[in-house]
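**Q** Residue numbering for the sequence shown follows our numbering, starting at 1391 and increasing by one per position.
No residue lacks a Cβ here, since even glycine has one placed at the ideal position from N, Cα and C.
I have a structure I would like to understand better, so I am pasting it below and will then ask my questions one at a time.
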Amino acid sequence: GMFEAAVRFNMRLPELFCGFTRAASDSPVAYPVACLPQAWSAGSAFMMLQACLGIRVDGWKREITVERPRLPIGIDNIVIRHLAIGEAKVDLIFERIGDRVVCYLDHRHEGLVPLVVRS
């Protein structure tokens, strides 16, 4: 998937991927004329992380909702530090426990922020 491709390309996502055949044990195949890295594809990592973790921030309610969080294979925890919601700043922590991914907040920075988690 995308994480495997990012690792293969030294965390510099190319502008596009193609349908060249590869064996299951081979690395992703680079498209011969793709720009590497491409600015808009480099920014897509944040959207993929948001989608994978199921994060939705409601600035009006000053609330974080996490729906069905998932972590990529081989990654057992992710910490998003100093996430700003209004005047508050929190650390959002995701951990794999068995076959589940749990999410919780660390409020060691200023302010309190509600967290809604839906599994």
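1) Mapping DSSP to helix, strand and coil, what is F1419?
2) So, at 7 angstroms on beta carbons, what are the nonlocal neighbours of D1496 in its own chain, with the 5 sequence-adjacent residues on each side left out?
3) For the stretch 1456–1465 against the stretch 1431–1446, do three or more pairs of beta-carbon atoms, one drawn from each stretch, fall closer than 8 angstroms, so that the two count as touching?
4) Could you give the distance in angstroms between the alpha-carbon of G1433 and the alpha-carbon of R1402?
5) Give a yes or no on whether the C-beta atoms belonging to E1405 and A1424 are separated by under 8 angstroms.
6) What residue from E1500, H1499, R1490, V1503 has the CA that sits closest to S1509's CA?
7) Please state whether DSSP places V1397 in a helix, a strand or coil.
8) Give the secondary structure of A1414 by DSSP, where H, G and I count as helix, E and B as strand, and everything else as coil.
9) Can you tell me which of N1467, M1438, A1420, I1475 puts its alpha carbon nearest to the alpha carbon of W1450?
10) Looking at the structure shown, is L1495 part of a helix, part of a strand, or coil, going by DSSP?
11) Let me know the secondary structure DSSP gives A1342 once reduced to three states.
12) When the Cα of I1454 is compared with those of Y1421, M1437, P1418, Y1494, which residue comes out closest?
**A** Here's the rundown:
1) Along the sequence shown, one-based indexing puts residue 1419 at 29. For clarity, residue 1419 is Val in the given sequence; the question names Phe instead. Correct three-state label for V1419: coil.
2) For the purposes of this step, residue 1496 is taken as the residue at position 106 of the sequence shown. So the list reads V1480, D1481, I1483, once near-sequence residues are dropped.
3) yes
4) Along the sequence shown, read from residue 1 onward, the residue named residue 1433 stands at position 43. Along the sequence shown, read from residue 1 onward, the residue named residue 1402 stands at position 12. Whole-angstrom Cα-Cα distance: 10 angstroms.
5) In the sequence shown, the residue the question calls residue 1405 occupies position 15. In the sequence shown, the residue the question calls residue 1424 occupies position 34. Cβ atoms of E1405 and A1424: closer than 8 angstroms.
6) For the purposes of this step, residue 1509 is identified with residue 119 of the sequence shown, where counting begins at 1. When only C-alpha atoms are compared, the closest one is R1490.
7) By one-based count along the sequence shown, residue 1397 stands at place 7. Residue state, collapsed to three classes: helix.
8) Within the sequence shown, residue 1414 is the residue found at index 24, counting from 1. Correct three-state label for A1414: coil.
9) Counted from its first residue, the sequence shown places residue 1450 at position 60. Comparing Cα positions, the closest option is I1475.
10) For the purposes of this step, residue 1495 is taken as residue 105 along the sequence shown, with counting starting at 1. Reduced to three states, the DSSP call for L1495 is strand.
11) Outside the modelled stretch of the chain, which goes from 1391 to 1509, sits residue 1342, for which no answer is possible.
12) Locating residue 1454 in the sequence shown gives position 64, counting from the first residue. Taking only the C-alpha atoms, the option nearest I1454 is Y1494.
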